[in-house]
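K.L.:
Numbering (the UniProt record's numbering), first residue to last: 1 to 597.
Glycine included, C-beta positions come from ideal geometry on N, C-alpha and C.
Written out as structure tokens, the structure is:
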């Protein structure tokens, strides 16, 4: 280098007081600006609110006016006589619901995939329909069917008992009880677990089952001794997913448990924060909830992921499994599916439809038929509060679905396609929100965005804070969807783009994203539908300006006691969600296969 030549230096110029490390950091930041931006966005959505709620659990005051450090919140939370019963109720509810729903899902998946039960395609459709029924509407329908005095099923059973000399003035079943909550949620939650289990049965190598069958072993023994152990990883994965989801459930415990004085931790957190404005106390409860649920995810990874290689019974080789013959049990097995459909979907929808056609709910009778009209549907369309909540819900669902899927796509692009350093950490961070209860997310966001030092207090009471909360809630699902789809893409087209001199950003947008459009749209529809259904987060963050359909349903059902109007709104919501499910299935079928069917 001559005296007149100057060294080419990127970043800050000589004369600035920066070390060689700082120069290298500057160069690295310029080369990886997109990765840095994506990582910061993910941390903003997931990590900052959680750190904030942990911090606030050690402070008194309110999120808007936080006080000094204290341990009093933890003393009050875990010295409260309600805490231990609520924790006990939560464990009982979550464990029993998970076991019952997983048992039904596993049985149904086995019947569909490994037996000769007739009308299996029809049974598939019946199993998926409960997904279109939000938890709150399911609870509402069961209240109308099994409330002590006017529940239509209870009234019918009392009439039958009168014929045999047994006279009751209420019951005989009480939906406002722990077993009522467990029954309703177990029926509703089996559909999602069915989808998880049916995939495991479909790819399972049937060699051991066929060998046992050839040796004369009965089908029931084969199922217990061979089939279930072979799908143990899938059972554990589905069970963990169910347990975490049931720990998070607010809809059913709020509508069925609270009237009976049965409190779970989610309802305790909701009442402590939203109703009593004891934010430090709610944060202390939330921290305990976070520790328990995250510990469950860690156990799952240690038991299943690290030992996945030890389960050698599930393979990817080609085969044509022999379906087990059910013999005379073929049609009784099909009857089980029809019974499940009637109890889980047909009866709840019919009772909601009946209630929506009356000026005020009453059990079906000859006199009530003369009162049927569409007035409640007209009232729904004319009510300013409901119209505003529909508009808010539409904006919330569209924005949440777009921004969540876009961020998930970018995270997957970094982790799967670019394989950046720290990609595993990014993937783990994106999965952590699955273990965070919705009520905990609501408390975390309130603690962060109402804190004056963040200067973001204007977000509270807007759609934006709900979008951030729902992004946190659905990020795990979104990244699992984009990760799995991106791993199936070949790299030839992207490499051709790089060789042609096209930059990473353009290759990502023009090639990778276009190839992943079906998966993106399917994930978008799933998040859109679940945003509409979600009650926990809107109930925590709603104000008069940003109410949603879910909060309107809760308001008219719980506060106004207008069961007919709430039912009309619920029937319309179910119709929209069912249409979304059909559209989603159509898009997935046409996007990933050459055959439209």
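State the Cα-Cα distance for the pair residue 390 and residue 265, rounded to the nearest angstrom.
P.N.:
Locating residue 390 in the chain shown gives position 390, counting from the first residue. Locating residue 265 in the chain shown gives position 265, counting from the first residue. Cα to Cα, the separation comes out at about 30 Å.
K.L.:
Tell me where the alpha helix (DSSP H) around residue 68 begins and ends.
P.N.:
By one-based count along the chain shown, residue 68 stands at place 68. Not the alpha helix (DSSP H): residue 68 falls in the beta strand (DSSP E), residues 66-69.
K.L.:
Judging by CA-CA distance, which residue of 449, 518, 526 is the nearest neighbour of residue 476?
P.N.:
For the purposes of this step, residue 476 is taken as residue 476 along the chain shown, with counting starting at 1. Per the Cα distances, 526.
K.L.:
Along the chain, where does the beta strand (DSSP E) containing residue 76 start, and where does it finish?
P.N.:
The sequence position of residue 76 within the chain shown is 76, counting from 1. From DSSP, residue 76 is part of no beta strand (DSSP E) but of the alpha helix (DSSP H) over 72-79.
K.L.:
Just checking my contact of residue 59 with residue 280 at CB under 8 Å: how many whole Å lie between their CB atoms?
P.N.:
Locating residue 59 in the chain shown gives position 59, where the first residue counts as 1. Locating residue 280 in the chain shown gives position 280, where the first residue counts as 1. So it is a contact: roughly 6 Å between Cβ atoms.
K.L.:
With H, G and I counted as helix, E and B as strand and the rest as coil, what does DSSP make of residue 249?
P.N.:
Counted from its first residue, the chain shown places residue 249 at position 249. Coil.
K.L.:
To the nearest angstrom, how far is the alpha carbon of residue 674 from that of residue 131?
P.N.:
There is simply no residue 674 to check, as the chain begins at 1 and stops at 597 in what is shown.
K.L.:
Which one of 515, 462, 444, 97 has the shortest CA to CA distance from residue 409?
P.N.:
Taking the chain shown and counting its residues from 1, one reaches residue 409 at position 409. Out of 515, 462, 444, 97, 515 has the C-alpha closest to the C-alpha of residue 409.
K.L.:
Among residues of its own chain, excluding the 5 on either side of residue 561, which ones have a beta-carbon nearer than 8 Å to its beta-carbon?
P.N.:
The count along the chain shown starts at 1 and reaches residue 561 at position 561. So no residue of the chain qualifies.
K.L.:
Look at residue 478 and residue 404 and say whether their C-beta atoms are less than 8 Å apart.
P.N.:
In the chain shown, residue 478 corresponds to position 478, counting from 1. In the chain shown, residue 404 corresponds to position 404, counting from 1. Cβ atoms of residue 478 and residue 404: closer than 8 Å.
K.L.:
Pick from 370, 466, 144: whose alpha carbon is nearest that of residue 155?
P.N.:
The residue given as residue 155 occupies position 155 in the chain shown. Cα-wise, what sits closest to residue 155 is 144.
K.L.:
Which term fits residue 384, buried or exposed, when burial requires 16 or more other beta carbons within 10 angstroms of its beta carbon?
P.N.:
Residue 384 sits at position 384 when you count from the first residue of the chain shown. Result: exposed.
K.L.:
Applying the 10 Å Cβ sphere with the 16-neighbour rule, what's the burial state of residue 596?
P.N.:
Position 596 of the chain shown, counted from the start, is the residue given in the question as residue 596. Note that residue 596 has pLDDT 38, beneath the 50 cutoff, so the model's placement of it is unreliable and the number below is only indicative. Exposed.
K.L.:
Assuming contact is defined by CB atoms lying nearer than 8 Å, are residue 147 and residue 175 in contact in what I supplied?
P.N.:
Taking the chain shown and counting its residues from 1, the one referred to as residue 147 is at position 147. Taking the chain shown and counting its residues from 1, the one referred to as residue 175 is at position 175. Yes. Within cutoff.
K.L.:
Roughly how many whole angstroms lie between the Cα atoms of residue 269 and residue 283?
P.N.:
Indexing the chain shown from 1 puts residue 269 at position 269. Indexing the chain shown from 1 puts residue 283 at position 283. Rounded to whole angstroms, residue 269 to residue 283 spans 8 Å at the Cα level.
K.L.:
With residue 447 and residue 52 assumed to form a contact (beta carbons below 8 Å), what rounded beta-carbon distance in angstroms separates them?
P.N.:
As a position in the chain shown, residue 447 is number 447, starting the count at 1. As a position in the chain shown, residue 52 is number 52, starting the count at 1. With a Cβ gap of about 5 Å, residue 447 and residue 52 count as contacting.
K.L.:
Please specify which runs of the beta strand (DSSP E), each continuous and at least 3 residues long, are wholly inside the segment 328-354, giving them in chain order.
P.N.:
The qualifying runs do not exist here; there are none.
K.L.:
Could you give the distance in angstroms between the alpha-carbon of residue 247 and the alpha-carbon of residue 93?
P.N.:
The residue you call residue 247 lines up with position 247 of the chain shown. The residue you call residue 93 lines up with position 93 of the chain shown. Spanning the two alpha carbons is a distance of roughly 8 Å.
K.L.:
Excluding the 5 residues flanking residue 168 on each side, which residues of the same chain have their C-beta closer than 7 Å to its C-beta?
P.N.:
Translated into positions along the chain shown, residue 168 becomes position 168. The answer, listed in chain order, is 158, 161.
K.L.:
In chain order, what residues of the same chain lie with their CB nearer than 6 Å to the CB of residue 344, ignoring the 5 residues before and after it?
P.N.:
The residue given as residue 344 occupies position 344 in the chain shown. Contacts found: 130, 187.
K.L.:
What is the C-beta distance between residue 601 and residue 201, in whole angstroms, given that I count them as a contact (C-beta under 8 Å)?
P.N.:
Since the first and last residues shown for the chain are 1 and 597, residue 601 lies out of range.
K.L.:
Since I believe residue 541 is in contact with residue 445 (beta carbons under 8 Å), could you give me their beta-carbon distance rounded to a whole number of angstroms?
P.N.:
Walking along the chain shown from the start, residue 445 turns up at place 445. Walking along the chain shown from the start, residue 541 turns up at place 541. Their Cβ separation, rounded to whole angstroms, is 7 Å, which keeps residue 445 and residue 541 in contact under 8 Å.
K.L.:
May I have the straight-line CA-CA distance separating residue 273 from residue 91, to the nearest angstrom?
P.N.:
As a working note, residue 273 is residue 273 in the chain shown. As a working note, residue 91 is residue 91 in the chain shown. Approximately 21 Å, taken between the alpha carbons.
K.L.:
The alpha helix (DSSP H) spanning residue 158 covers which residue range?
P.N.:
Taking the chain shown and counting its residues from 1, the one referred to as residue 158 is at position 158. Per DSSP, residue 158 belongs to the alpha helix (DSSP H) from 152-163.
K.L.:
Taking the CB atoms as reference points, tell me whether residue 568 and residue 395 lie closer together than 8 Å.
P.N.:
Within the chain shown, numbered from 1, the residue matching residue 568 stands at position 568. Within the chain shown, numbered from 1, the residue matching residue 395 stands at position 395. Against a cut-off of 8 Å, the Cβ pair of residue 395 and residue 568 comes out as no contact.
K.L.:
Kindly indicate the opening and closing residues of the alpha helix (DSSP H) around residue 375.
P.N.:
Taking the first residue of the chain shown as position 1, residue 375 is located at position 375. Here the alpha helix (DSSP H) through residue 375 covers 375-382.
K.L.:
Would you check if the distance between the CB atom of residue 415 and the CB atom of residue 407 is smaller than 8 Å?
P.N.:
Numbered from 1 along the chain shown, position 415 holds the residue referred to as residue 415. Numbered from 1 along the chain shown, position 407 holds the residue referred to as residue 407. Contact: no.
K.L.:
What do you reckon, are the CB atoms on residue 537 and residue 393 nearer than 8 Å?
P.N.:
Here residue 537 corresponds to residue number 537 of the chain shown, with the count starting at 1. Here residue 393 corresponds to residue number 393 of the chain shown, with the count starting at 1. No, the Cβ-Cβ distance between residue 537 and residue 393 is not below 8 Å.
K.L.:
Comparing alpha-carbon positions, which option in 535, 559, 558, 557 lies nearest residue 548?
P.N.:
Working through the chain shown from its first residue, we reach residue 548 at position 548. It is 535 whose Cα lies nearest to the Cα of residue 548.
K.L.:
For residue 42 versus residue 412, is the C-beta spacing smaller than 8 Å?
P.N.:
Reading the chain shown from its first residue, position 42 is the one you call residue 42. Reading the chain shown from its first residue, position 412 is the one you call residue 412. Not a contact, by the Cβ cut-off of 8 Å.
K.L.:
Could you tell me the alpha carbon to alpha carbon distance between residue 67 and residue 56, rounded to whole angstroms?
P.N.:
As a working note, residue 67 is residue 67 in the chain shown. As a working note, residue 56 is residue 56 in the chain shown. Going by the C-alpha atoms only, they are around 9 Å apart.
K.L.:
Would residue 89 be called buried (16 or more neighbouring beta carbons within 10 Å of its own) or exposed?
P.N.:
The residue labelled residue 89 in the question sits at position 89 within the chain shown. Buried, since its Cβ has 16 or more Cβ neighbours within 10 Å.
K.L.:
Residue 433 and residue 472 look like a contact to me (Cβ under 8 Å); what is the Cβ gap, rounded to whole Å?
P.N.:
As a first step, residue 433 is located in the chain shown; it is residue number 433 there, counting from the start. As a first step, residue 472 is located in the chain shown; it is residue number 472 there, counting from the start. About 5 Å; that satisfies the 8 Å criterion.
K.L.:
Apart from the five residues on each side of it in sequence, which residues of its chain come closer than 6 Å, Cβ to Cβ, to residue 241?
P.N.:
Position 241 of the chain shown holds residue 241. Closer than 6 Å at Cβ, skipping near neighbours: no residue.
K.L.:
From residue 257 to residue 285, what distance separates their C-alpha atoms?
P.N.:
The residue labelled residue 257 in the question sits at position 257 within the chain shown. The residue labelled residue 285 in the question sits at position 285 within the chain shown. Their backbone Cα atoms lie some 19 Å apart in a straight line.
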